[in-house]
Amino acid sequence: MASQPQINPKRQQELQLQYTNYKNTLQQMAQKIGDIEQEAEEHKLVIETLEPLPQDRKCFRMVNGVLVERTVQDVLPTLKTNSDGLKQVLEELLKQYKSKQTELDNWKKKNNIQVVQP
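Following my numbering, the numbering of the sequence shown begins with 364 at its first residue and continues without gaps.
Set out below in structure tokens:
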């Protein structure tokens with residue numbers, strides 16, 4: 364009966380540390396993606412609410428923790444720009460996440476790593 368060759372404890376510890384680093388990085392990226400998705404959804408909701416309103420209607424916007432009075436005409440273009448920026452950042456983060464996931468998969472194959480779930 365053939366058994367797996369034993370890896371020395373130091374090498375095993377290094378591999379475990381690398382695996383943990385990969386998983387932590389992926390988890391942080393997923394958290395950031397979730398935060399940005401939520402913020403983009405909030406922007407979309409506000410834009411959909413403001414678009415049918417008259418352009419000269421006053422509205423309030425939070426800028427650096429300060430509530431400022433503006434008109435729909437002033438706020439809407441800024442919101443759309445911010446929303447577009449969030450979408451671009453989200454796309455870039457998703458690409459980075461997929462790249463990192465592929466890197467982890469390749470690393471697991473290269474080092475013959477098999478994850479055992481408790």
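The C-beta atom is built at its ideal place from N, Cα and C for all residues, glycine as well.
Note that the structure is a prediction, hence the values are computed from the model and not measured.
Residue i by DSSP, collapsed to three states: which one?
i    : result
Q480 : coil
N387 : helix
A365 : Any reading at A365 must be qualified, since the residue scores a pLDDT of 46, below 50, and its modelled position is unreliable; no value is offered.
I370 : coil
By alpha-carbon positions, which one of the options ends up nearest to residue i?
i    : options                : result
E466 : G397, E402, L389, Q394 : L389
E414 : A403, G397, D437       : D437
E455 : P440, K373, T441, M392 : M392
E404 : L453, L457, Q418, K373 : L453
L439 : L416, N475, E377       : L416
With a threshold of 8 angstroms, establish whether the CB of residue i neighbours any heavy atom of the ligand HEM.
i    : result
Q379 : This structure simply doesn't include the ligand HEM, nor any ligand for that matter.
Contiguous alpha helix (DSSP H) assignments of at least 4 residues, all confined to the segment 403 to 476:
List check, alpha helix (DSSP H) in window: 435 to 473.
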